[in-house]
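Protein chains in written order, with the working numbering: chain A, 102 to 463; chain B, 10 to 317.
No residue lacks a Cβ here, since even glycine has one placed at the ideal position from N, Cα and C.
The structure appears right after this line, and notes come after that.
The following block contains the structure:
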């Protein structure tokens, strides 16, 4: 390199640095993904992996994808993350709530690696971003269908862990079921696992044995739908995380589809062209991260129309699933008439709304 | 007849079915350990059985053949363990753990393309007229054949281990392989057959998960059931009927705690969800307390070579 060029490059570099927005781009990015379950779970992890594949497709040779399945939440995750960071990953997506503390701990040691944590709220270091999807918007639509469809007036929800994410979904589901059918009662079962098909099936069976005929689940596999399918149409359910279309001719009447692809493509792209910045992303139906799977013919046409109208209103921003007046379970007021829930309240949600029976495990 | 919204008849009927995978795997492992071999690969054999059974059932359309396929798959995988530990005298603990990891990996690979398929249903064995009887109907007559098979196997193994020549030989090999060898028994050959039997039982237990309890294939479908089975064998002091009690207790309390949650009992969910583990261990430990030393086969986990 000639001296003149060197000087020019240095000047250019200074200019870029002072410009700020023109941070250094990258020629090639190694994007790594940490999964809590197997990519063949047909639900949560499957959808994240679809997002990873979309990144590969979008950028071809410019990205390298690496992923690890079945990483337990907790100390093991820290080991995996450290290995990935040492192994040359430029950006690491940790795709489960329980990776929150390990992600921040490892991020402190590798300031040059970007970390993206799904569904969490801690961004303790400048290289940690969080992203989530407003699943509660989809739960509102499921709740409406559940309220209209139940014959026994008993609806069920299989919870995984008592975290804000899940509590939010339960509240949204219940509020809209109640609005559609004032007599509805909700039973919540906590499975304390994200992925254990046999236990998820047992939980669904326990609900069905006690007269529940609409089941929503917040765990990762298709087992609750498989259990509902054994009742020959008496019990319906929803696809969770993925469309679960294989149960369309059976119990699945609609679904929430997590579509992570646009986000992953955007973030890796930002890293490639140098526009990457720390952020807290939380998109919903409007942003395309939450999709509502086809509502099947098992649902009467007018209920389907109402559900779709609800979906469109949420997408258009004219309706917020948590619009007051809403009281907390103990009767104390939460949202006043017409008020909508601030994001901070939702992300820290640790209470049931009025009408739900039972306690949230602490 | 309901207690707080829970029907005990349905509860018992459910627990009998939900305990089958653990019961089958634990019975198989009981025989393996009574022969002096510690095979920690139960989870791997179960998951490979779950996949093998699923593939065979889907391809042939016969759930019964599916269970046979599951048993064969589990047995084949266990023969790898047998080869390594009985022929090459590898460490049993390490080999067993590796077998679990291997089984999970192979099943994940082999299961590509089987996601989202529904297997042919495993239906109840006896006619509805019997299954519809009050109380005894659902509990005694309302099951599929595998439930009866698992109970029959408990009885058969108890009989074989306790009162037959074959059982005596297996126990001799497990208690003192030197003595058994001196008497002219082929220690490693007997152990190999026990390992294959244990693999077949674990494979069938796994197949019950993918064919009957959660009729579908997803990666890692057994989700740790093999480890529960291993623990139950130890806490049941290597006795078949106690294994049955342990499996039913574990399955029963798992089902019960979920039902209690649905019914809205006042018991905090945290206690409910740890109850299956705590109570099963507690009951089995109390049952075996106060007897002569816990009854572990004396040669458990030790390899044998005839040169000594």
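- Sort B:87, B:61, B:26 by Cα distance to residue 121 (chain B) and report the nearest one. For the purposes of this step, residue 121 (chain B) is taken as residue 112 along the second chain, with counting starting at 1. Of the listed residues, the one whose Cα sits closest to residue 121 (chain B) is B:61.
- Item | Nearest-angstrom Cβ-Cβ length linking residue 196 (chain A) and residue 136 (chain A), presumed shorter than 8 Å | As a first step, residue 196 (chain A) must be located in the first chain, where it is residue number 95. As a first step, residue 136 (chain A) must be located in the first chain, where it is residue number 35. Right, the Cβ-Cβ distance comes to about 6 Å (below 8 Å), so this counts as a contact.
- How would you call residue 276 (chain B), buried or exposed, if buried means at least 16 neighbouring beta carbons within 10 angstroms? Here residue 276 (chain B) corresponds to residue number 267 of the second chain, with the count starting at 1. It is exposed - the Cβ of residue 276 (chain B) has fewer than 16 other Cβ atoms within 10 Å.
- In this structure, does DSSP put residue 218 (chain A) in helix, strand or coil? Locating residue 218 (chain A) in the first chain gives position 117, counting from the first residue. Here residue 218 (chain A) carries a strand assignment [DSSP, helix/strand/coil].
- Is it true that the CB of residue 86 (chain B) sits closer than 7 Å to the CB of residue 336 (chain B)? What is shown of chain B runs 10 to 317, which leaves residue 336 (chain B) out entirely.
- So, helix, strand or coil for residue 460 (chain A), using DSSP? Residue 460 (chain A) sits at position 359 when you count from the first residue of the first chain. The answer is coil: DSSP assigns residue 460 (chain A) none of H, G, I, E or B.
- Item | chain B within 7 Å of residue 383 (chain A), Cβ atoms only | On the first chain, residue 383 (chain A) is found 282 positions in, with the first residue counted as 1. With 7 Å as the cut-off, residue 383 (chain A) does not count as an interface residue toward chain B.
- Query: Is there contact between the region 280-289 of chain A and the region 228-247 of chain A, where contact requires at least three CB pairs shorter than 8 Å?
  - Reply: yes
- Message: Once DSSP output is grouped into helix, strand and coil, what is the label at residue 229 (chain A)?
- Response: Mapped onto the first chain, residue 229 (chain A) falls at position 128. Strand.
- Task: Give me whichever residues DSSP pairs with residue 428 (chain A) in a beta bridge.
- Result: Within the first chain, residue 428 (chain A) is the residue found at index 327, counting from 1. Answer is A:434.
- Query: Taking the continuous alpha helix (DSSP H) assigned at residue 89 (chain A), which residues delimit it?
  - Reply: Within the shown structure, residues of chain A are numbered from 102 to 463, placing residue 89 (chain A) beyond reach of any answer.
- Message: Buried or exposed for residue 358 (chain A), going by 16 or more other Cβ atoms inside 10 Å?
- Response: Against the first chain, residue 358 (chain A) aligns to sequence position 257. Its Cβ being crowded by 16 or more others within 10 Å, residue 358 (chain A) is buried.
- Task: Name, please, each residue of chain A whose Cβ falls closer than 9 Å to the Cβ of residue 133 (chain B).
- Result: Position 124 of the second chain, counting from 1, holds the residue named residue 133 (chain B). Neighbours of residue 133 (chain B) on chain A: none; closest Cβ ~12 Å, over 9 Å.
- Task: Return the CA-CA distance between residue 333 (chain A) and residue 221 (chain B), expressed in angstroms with no decimal places.
- Result: Here residue 333 (chain A) refers to the residue found at position 232 of the first chain. Here residue 221 (chain B) refers to the residue found at position 212 of the second chain. Rounded to whole angstroms, residue 333 (chain A) to residue 221 (chain B) spans 15 Å at the Cα level.
- Helix, strand or coil at residue 122 (chain A) according to DSSP, with G and I counted as helix: As a first step, residue 122 (chain A) is located in the first chain; it is residue number 21 there, counting from the start. Reliability of the predicted coordinates at residue 122 (chain A) is poor, the pLDDT of 39 falling under 50, and the value obtained from them is presented with this limitation in mind. Reduced to three states, the DSSP call for residue 122 (chain A) is coil.
- Message: What does the alpha-carbon distance come out to for the pair residue 210 (chain B) and residue 170 (chain B)?
- Response: Your numbering for residue 210 (chain B) matches position 201 in the second chain. Your numbering for residue 170 (chain B) matches position 161 in the second chain. Spanning the two alpha carbons is a distance of roughly 16 Å.
- State the DSSP-derived secondary structure class of residue 167 (chain B), mapped to helix, strand or coil. Start at 1 with the first residue of the second chain, and residue 167 (chain B) comes out as number 158. Helix at residue 167 (chain B).
- Message: Whole angstroms are fine: how far does the CA of residue 437 (chain A) sit from the CA of residue 471 (chain A)?
- Response: Here chain A comprises residues numbered 102 to 463, so residue 471 (chain A) is not present and cannot be evaluated.
- Which two residues bound the contiguous alpha helix (DSSP H) that contains residue 287 (chain B)? On the second chain, residue 287 (chain B) is found 278 positions in, with the first residue counted as 1. Residues 278-297.
- Can you tell which of B:228, B:181, B:249 has its C-alpha closest to the C-alpha of residue 200 (chain B)? Here the question's residue 200 (chain B) lines up with position 191 in the second chain. Here the closest residue by C-alpha is B:181.
- Query: In angstroms, rounded to a whole number, what distance separates the CA positions of residue 178 (chain B) and residue 253 (chain B)?
  - Reply: By 1-based counting over the second chain, the position of residue 178 (chain B) is 169. By 1-based counting over the second chain, the position of residue 253 (chain B) is 244. Roughly 23 Å between the two C-alpha positions.
- List, in order along the chain, the chain A residues whose C-beta lies closer than 7 Å to that of residue 117 (chain B)? Reading the second chain from its first residue, position 108 is the one you call residue 117 (chain B). Neighbours of residue 117 (chain B) on chain A, chain order: 139, 141.
- Item | Same chain, Cβ closer than 6 Å to residue 65 (chain B), five either side skipped, listed in chain order | The count along the second chain starts at 1 and reaches residue 65 (chain B) at position 56. Cβ within range, chain order: 74, 75, 78.
- Inside the region 278-343 of chain A only - alpha helix (DSSP H) runs reaching at least 4 residues: 298-310, 324-330
- Query: Relative to the alpha-carbon of residue 294 (chain A), which residue among A:304, A:286, A:182, A:287 has its alpha-carbon at the smallest distance?
  - Reply: For this step, residue 294 (chain A) is matched to residue 193 along the first chain. Ranking the options by Cα distance to residue 294 (chain A), first place goes to A:304.
- Task: Just grab the DSSP bridge partners of residue 256 (chain A) for me.
- Result: Looking up residue 256 (chain A) in the first chain gives position 155. BP columns for residue 256 (chain A) point to A:287, A:315.
- Query: Mapping DSSP to helix, strand and coil, what is residue 244 (chain B)?
  - Reply: On the second chain, position 235 is the one that residue 244 (chain B) refers to. Helix at residue 244 (chain B).
- Query: Got a sec: is the Cβ-Cβ distance from residue 389 (chain A) to anything in chain B below 7 Å?
  - Reply: The residue you call residue 389 (chain A) lines up with position 288 of the first chain. Cβ-Cβ to chain B under 7 Å: no for residue 389 (chain A).
- Please state whether DSSP places residue 454 (chain A) in a helix, a strand or coil. For the purposes of this step, residue 454 (chain A) is taken as residue 353 along the first chain, with counting starting at 1. Residue 454 (chain A) falls in the strand class under three-state DSSP.
- Going by beta carbon distance, what residues of the same chain come within less than 7 Å of residue 200 (chain A), once the five residues before and after it are set aside? Within the first chain, residue 200 (chain A) is the residue found at index 99, counting from 1. Hits under 7 Å: 135, 174, 178, 218.
- Message: Whole angstroms are fine: how far does the CA of residue 88 (chain B) sit from the CA of residue 160 (chain B)?
- Response: Along the second chain, one-based indexing puts residue 160 (chain B) at 151. Along the second chain, one-based indexing puts residue 88 (chain B) at 79. C-alpha separation (whole angstroms): 26 Å.
- chain B contact for residue 122 (chain A) (CB, 7 Å cutoff): Numbered from 1 along the first chain, position 21 holds the residue referred to as residue 122 (chain A). Because the pLDDT at residue 122 (chain A) is just 39, under 50, the model does not fix this residue reliably, and the value given afterwards should be weighed accordingly. For residue 122 (chain A), no CB of chain B lies under 7 Å from its own CB, so it is not counted at the interface with that chain.
- Within this structure, are the beta carbons of residue 110 (chain B) and residue 261 (chain B) separated by less than 7 Å? Walking along the second chain from the start, residue 110 (chain B) turns up at place 101. Walking along the second chain from the start, residue 261 (chain B) turns up at place 252. No. Outside cutoff.
- Query: What are the start and end residues of each continuous alpha helix (DSSP H) run of 4 or more residues lying completely inside the region 134-221 of chain A, in chain order?
  - Reply: Those alpha helix (DSSP H) runs which fall completely within the region 134-221 of chain A and span 4+ residues are 145-160, 176-187, 201-210.
- Query: In this structure, does DSSP put residue 185 (chain B) in helix, strand or coil?
  - Reply: In the second chain, residue 185 (chain B) corresponds to position 176, counting from 1. Here residue 185 (chain B) carries a coil assignment [DSSP, helix/strand/coil].
- Query: Which residue or residues does DSSP assign as beta-bridge partners of residue 382 (chain A)?
  - Reply: Numbered from its first residue, the first chain carries residue 382 (chain A) at position 281. Answer is A:232.
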